[in-house]
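In this note's numbering, the protein residues as written are 869 to 936.
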Amino acid sequence: MASALVPPAPATNVAFFAIFAIFVVAMVVLAVLVIVWAVRHDLAGRKAWRERQQSRSEQSPPPPRAAP
């Protein structure tokens, strides 16, 4: 009686591989999205940092040094 409730082995394998393939594709897509998001934010942060450094260097000249 219990064996009637268990699907045959080939159908179980097909279902497992189909669901596993969907899971793998979803993980790959998620990884790509996270990497693209991180790279874009890193580039934007670096650009803003460079602009801040450039504006600081233009605003205040270095203080004069005392003669030895």
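Note that CB positions come from ideal geometry on N, CA and C, so glycine has one too.
Values in this document were obtained by computation on a predicted structure and should not be read as measured data.
In whole angstroms, give me the CA-to-CA distance for residue i and residue j.
{"i": "A916", "j": "Q927", "result": "16 Å"}
{"i": "L898", "j": "R933", "result": "55 Å"}
{"i": "P878", "j": "F888", "result": "15 Å"}
{"i": "S923", "j": "L901", "result": "33 Å"}
{"i": "R908", "j": "R918", "result": "15 Å"}
{"i": "A886", "j": "A912", "result": "39 Å"}
Considering residue i, what are the terminal residues of the alpha helix (DSSP H) in which it resides?
{"i": "A934", "result": "Per DSSP, A934 belongs to no alpha helix (DSSP H) and is neither H nor E."}
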